[in-house]
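Position one of the sequence shown corresponds to residue 1 (the UniProt record's numbering), numbered consecutively onward.
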Amino acid sequence: MTTRKVRYKKLNIKTPLPVLREHQIDANEYESLTNEAQIVTGVELGEENEYHLQAALKGVGASVDNEIPVPPPQKSVEADYEELYPTPYVEPRNYIKFSDTVEETLKGSLYDMTTEDDEFLRHYNTKRPANAHLSEDDFERIMEVFEDTAAESTPYAEVDNTFVPYELMSQAITVHIRTKSVQAHAKNIYEFWKSRRQDIGNKSLHPLLKFETHQEHDDMDPYVCFRRREVRQTRKTRARDVQVADKLKKLRRELEDGRQLVVFAHRREVLKRELLKTDKLVYEQRAKLKETKIKLNIKTDDDDLVNTKPQKRPKTESQQPPRATPHNQLRINVRPDGGRSIEPVDMCLLRDKQAERQLELLNNIELKVQEHRRWNSNYIDLTADPLPPVKEEQEQKFRPAKTTYLMTPPASASDSMDIDETPPVPEKSITPFVFKATSVDDSDEEEMPSFRRRIGRLGRLFIDRRPGKLRTGLSSPSREASFESDRWRSTPTAYVN
1 MTTRKVRYKK LNIKTPLPVL REHQIDANEY ESLTNEAQIV TGVELGEENE
51 YHLQAALKGV GASVDNEIPV PPPQKSVEAD YEELYPTPYV EPRNYIKFSD
101 TVEETLKGSL YDMTTEDDEF LRHYNTKRPA NAHLSEDDFE RIMEVFEDTA
151 AESTPYAEVD NTFVPYELMS QAITVHIRTK SVQAHAKNIY EFWKSRRQDI
201 GNKSLHPLLK FETHQEHDDM DPYVCFRRRE VRQTRKTRAR DVQVADKLKK
251 LRRELEDGRQ LVVFAHRREV LKRELLKTDK LVYEQRAKLK ETKIKLNIKT
301 DDDDLVNTKP QKRPKTESQQ PPRATPHNQL RINVRPDGGR SIEPVDMCLL
351 RDKQAERQLE LLNNIELKVQ EHRRWNSNYI DLTADPLPPV KEEQEQKFRP
401 AKTTYLMTPP ASASDSMDID ETPPVPEKSI TPFVFKATSV DDSDEEEMPS
451 FRRRIGRLGR LFIDRRPGKL RTGLSSPSRE ASFESDRWRS TPTAYVN
């Protein structure tokens with residue numbers, strides 16, 4: 001069992017730690033601490049310093065060291081950077097100048113030549129005449145077309161080791177590269193590209209990010225990026241965290257409001273400054289205009305030298321429904337010129353308003369009746385049970401009540417007190433006198449009230465009354481009258497044995 005002799009505790013802010021200078025440390029004590037064995041060997045103390053035992057202890061737990069091959073630093077060639085980069089750098093106003101990707105900003109091919117590509121291209125150009133050499137840019141363009149075509153045609157080439165044939169590659173070269181002289185080198189470059197892919201396991205020649213495929217194998221690989229995140233249990237939200245988040249949101253909102261106020265205040269001051277500049281310019285121009293008028297002896301009014309306010313447009317009153325004003329209040333009328341005049345307004349009576357409303361309602365009903373008749377003028381009603389016209393029917397056993405009065409003897413014709421004189425006999429009228437509540441001159445004819453006698457339970461005698469109604473010339477009876485009338489009020493009068 002391998003354990004440490006010294007247990008290192010975590011640092012704590014409450015635990016005081018000694019601070020030692022370099023001259024305060026004993027060299028022998030420091031060497032003994034650094035060289036002290038940290039693993040329990042299980043042997044005697046005298047045998048712990050044996051050479052073979054120490055070598056075995058050092059080899060325990062040792063693993064293969066993975067080191068990133070970083071090229072050693074070399075002195076760069078002294079070059080004239082000002083000549084290579086003549087354009088001076090200008091600090092941009094914004095940090096984000098544009099949203100293009102790196103691939104979109106680069107001009108030319110995205111493939112970068114390696115040392116092997118450089119050696120192959122030099123050897124390839126030595127075998128050809130000077131006018132048929134292949135440039136580095138054209139070589140990178142051809143290699144880029146090969147890589148893009150392989151990525152689109154065989155995305156799983158690394159797994160099944162599939163190579164795109166040259167016939168398909170030649171079609172892609174013809175589409176992307178129009179120059180005939182460059183297309184002639186495609187066959188030889190294809191063989192070199194294929195050999196390069198075979199050497200690296202049919203992987204892409206473009207430098208790609210290496211992801212974690214197997215946790216045990218790729219755990220110690222320094223080139224693996226974007227490792228899998230360890231799954232841990234989500235912590236429940238506490239009330240304290242919610243309060244802190246709310247306070248931060250409130251603080252940010254207040255800071256944003258303050259920033260907006262500062263921005264608006266700055267904008268206001270800028271507008272004020274522009275206004276002052278404009279007023280100053282107007283004043284100077286008016287002074288020049290006045291001097292010019294004096295020189296030219298122009299005698300006119302000085303209205304152009306004074307700021308005149310524009311006349312206000314008269315406000316158009318919105319149409320509002322009339323309000324009922326009390327009798328002791330006067331209505332203020334508005335004159336066309338904008339002033340006000342106090343004039344008494346004739347008050348209208350409520351019955352006049354009700355009569356106008358009733359007349360308007362009757363006119364609307366009459367118009368609708370006329371329209372309905374006009375719609376049905378050329379049609380014949382052949383339904384089984386057509387709607388009969390509305391008729392006002394008298395209920396059964398109702399008889400109109402006529403008020404009659406007894407005949408009154410006429411006044412005496414003479415003042416004589418003669419008893420023997422026979423009084424004149426008055427003429428008897430056959431038709432009885434009928435009392436009417438309204439005069440004949442009224443336009444509306446009023447129907448007389450009616451009564452009906454009926455016998456109820458236990459031989460009780462009831463008399464039902466129906467008040468009269470006004471006839472307004474309509475064919476259908478009014479529903480309001482039927483609801484408002486006390487139609488079925490009955491009054492028991494007598495018992496019949």
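For every residue, glycine included, the Cβ atom is placed at its ideal position computed from N, Cα and C.
Pick from the options that is closest to residue i, judged by C-alpha positions
| i | options | result |
| --- | --- | --- |
| residue 69 | 362, 358, 160, 221 | 221 |
| residue 147 | 135, 136, 164 | 164 |
| residue 151 | 172, 311, 272, 281 | 172 |
| residue 193 | 149, 219, 218 | 149 |
| residue 464 | 458, 451, 23 | 451 |
| residue 190 | 461, 166, 213, 52 | 166 |
| residue 188 | 120, 251, 55 | 120 |
| residue 306 | 283, 313, 312 | 283 |
| residue 449 | 455, 309, 467, 109 | 467 |
| residue 108 | 9, 136, 93, 123 | 136 |
One or two residues paired with residue i in a DSSP bridge
| i | result |
| --- | --- |
| residue 352 | Answer is none; residue 352 lacks a bridge partner. |
| residue 210 | 224 |
| residue 200 | Note: residue 200 sits in no beta bridge, so no partner. |
| residue 455 | 461 |
Simplified DSSP assignment, three categories, for residue i
| i | result |
| --- | --- |
| residue 406 | coil |
| residue 460 | strand |
| residue 13 | coil |
| residue 85 | coil |
| residue 376 | coil |
| residue 26 | coil |
| residue 184 | coil |
| residue 371 | helix |
| residue 365 | helix |
| residue 261 | helix |
| residue 195 | helix |
| residue 178 | coil |
| residue 437 | Confidence in residue 437 is poor, its pLDDT being 46 and thus under 50, which makes the residue's placement unreliable; the coordinate value appears in the next sentence. Of the three classes helix, strand and coil, the one that applies to residue 437 here is coil, per DSSP. |
| residue 52 | helix |
| residue 205 | coil |
| residue 285 | helix |
| residue 76 | coil |
| residue 95 | coil |
| residue 382 | coil |
| residue 278 | helix |
| residue 67 | coil |
| residue 189 | helix |
| residue 305 | helix |
| residue 255 | helix |
| residue 249 | helix |
| residue 513 | In the structure as shown, the chain starts at 1 and stops at 497, and residue 513 therefore has no counterpart that could be examined. |
| residue 294 | helix |
| residue 58 | helix |
| residue 359 | helix |
| residue 271 | helix |
| residue 240 | helix |
| residue 419 | Residue confidence is low: residue 419 scores 48 on pLDDT, short of 50, so the model does not pin down where it sits. No coordinate-derived value is stated. |
Residue i Cβ short of 7 Å to the ligand GTP heavy atom set
| i | result |
| --- | --- |
| residue 101 | This structure does not include the ligand GTP; it has no bound ligands of any sort. |
Looking at C-beta atoms only, is the number of pairs between the stretch 174-186 and the stretch 198-206 that lie closer than 8 Å three or more?
-> The stretch 174-186 makes no contact with the stretch 198-206: fewer than 3 CB pairs, one atom from each, lie closer than 8 Å.
Report yes or no: do three or more beta-carbon pairs, one from the stretch 140-160 and one from the stretch 109-123, lie closer than 8 Å?
-> Result yes; three or more Cβ-Cβ pairs closer than 8 Å.
Taking only runs of the alpha helix (DSSP H) that begin and end inside the stretch 99-174, which ones reach a length of at least 4 residues, in chain order?
-> Positions of the alpha helix (DSSP H) runs, each at least 4 residues long and wholly inside the stretch 99-174, are given as 102-105, 115-126, 136-153, 157-160 in order along the chain.
Does the stretch 154-161 come close enough to the stretch 207-221 that 3 or more CB-CB pairs lie under 8 Å?
-> In this structure the stretch 207-221 does not lie against the stretch 154-161, because fewer than three pairs of beta carbons, one per stretch, are closer than 8 Å.
Do the stretch 84-92 and the stretch 235-253 touch if we need at least three Cβ pairs shorter than 8 Å?
-> The stretch 84-92 vs the stretch 235-253: no contact.
Is the stretch 277-292 touching the stretch 300-312 in the sense that three or more CB pairs, one from each, lie closer than 8 Å?
-> Between the stretch 300-312 and the stretch 277-292 there are three or more inter-stretch CB-CB distances shorter than 8 Å, so the stretches are counted as touching.
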